[in-house]
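Working notes for the structure below.
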Ligand code: ADE
C-alpha cells in the first residue's frame with residue numbers, strides 16, 4: 006500500500022520523518038519503506054489552502070497514494086478541548102468560502118468533505134491506546150490564522166466546528182476529487198482567541214501528538 010501524509014509545517018513533519026527514517030526523494034516529498042513492500046510519502050506542503058491542495062494533488066499524481074493523512078496542529082473552538090488533545094475529522098469545511106452554498110450548486114458539487122470511516126475508527130483506537138483525549142468532529146479551514154474572539158465565535162456557530170486550521174478541507178477536497186480515502190488529524194495548540202499566537206510553546210508538543218496518532222494509523226494500515 007502507498008500512504009501519503011501532508012504536513013503543512015516542518016514542526017508538524019519532524020517526528021514522523023524521523024520515526025520512519027524518511028528521506029527526500031523529490032523536492033518537498035520524503036519517502037520511507039514500510040513493512041510488506043508498502044511505501045510512505047510525507048509532503049511538506051506549506052501553509053494555506055492553495056499550498057495544501059497543490060501538494061495533495063502532486064502527491065497523488067507522483068506516488069499514487071491510496072490513503073492521505075493530514076497531520077498537524079489547530080486552534081481549539083470546542084470549549085471542551087484542551088491543549089494537546091486531538092480532533093479526528095468526521096468532516097471538514099471551508100470557513101472563508103462565501104457563500105458556501107455555491108459549492109453545492111455547481112459541479113463537481115459538495116461543500117462538506119467526509120473522512121473515511123475505517124480511518125476514523127483506526128484514529129479513535131490510536132488515541133485510546135496512546136492515552137490522548139480526542140473528539141471526532143468538524144474541522145474548519147481557511148486562509149487566516151484565527152486569533153480573534155469574534156472570528157472564533159462566528160466560525161464555531163456558523164459551522165459547528167471543533168477546531169480551525171488552514172489546510173485540512175483543501176486536502177480533503179482534492180482527495181474527494183481523486184476518490185482517495187483521507188483523514189485529518191489535528192492537535193490543539195491554541196484556542197483561536199485574542200491570546201492565540203502563530204508561534205507558541207504548545208506547537209511542538211501538539212504537533213508531536215498528531216504525529217503519534219498518524220504513526221499509529223500508518224502502522225495499522227500495513
Ligand atoms: N493552526 C493552529 N492554530 C490556528 C489558528 N488559531 N488559526 C488557524 N490555524 C491554526
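In our numbering, the protein residues as written are 6 to 227.
All C-beta atoms, glycine included, are put in the ideal place defined by N, C-alpha and C.
All figures in this text were calculated on a predicted structure; none of them were measured in a lab.
Have a look at the DSSP bridge pairing and note the partners of residue i.
i: residue 175; result: Answer is none; residue 175 lacks a bridge partner.
i: residue 186; result: 72
i: residue 12; result: 49
i: residue 36; result: 28, 46
i: residue 79; result: 193
Kindly indicate which residue of the options has the alpha-carbon position closest to the one of residue i.
i: residue 185; options: 74, 170, 84; result: 74
i: residue 216; options: 142, 137, 227, 167; result: 137
i: residue 93; options: 197, 176, 167; result: 167
i: residue 24; options: 11, 38, 32, 96; result: 38
i: residue 85; options: 65, 162, 152, 140; result: 140
i: residue 191; options: 183, 206, 172; result: 172
i: residue 67; options: 20, 22, 27, 9; result: 9
i: residue 220; options: 20, 6, 16, 7; result: 20
With 8 Å set as the bound, which would you pick, yes or no: does the beta-carbon of residue i sit closer than that to a beta-carbon of chain B?
i: residue 149; result: Protein chain content of the structure displayed is limited to a single chain, and chain B is not contained in it.
Applying the 10 Å Cβ sphere with the 16-neighbour rule, what's the burial state of residue i?
i: residue 214; result: buried
i: residue 13; result: buried
i: residue 96; result: buried
i: residue 159; result: exposed
i: residue 196; result: buried
i: residue 114; result: exposed
i: residue 151; result: buried
i: residue 122; result: exposed
i: residue 81; result: buried
I think residue i touches residue j, with their Cβ atoms under 8 Å apart; what is that distance to the nearest whole Å?
i: residue 99; j: residue 146; result: 6 Å
Under 6 Å, CB to any heavy atom of ligand 1. Which residues pass, going along the chain? Residues flagged by the Cβ proximity filter: 78, 79, 80, 150, 151, 152, 169, 170, 171, 194, 195, 197, 201.
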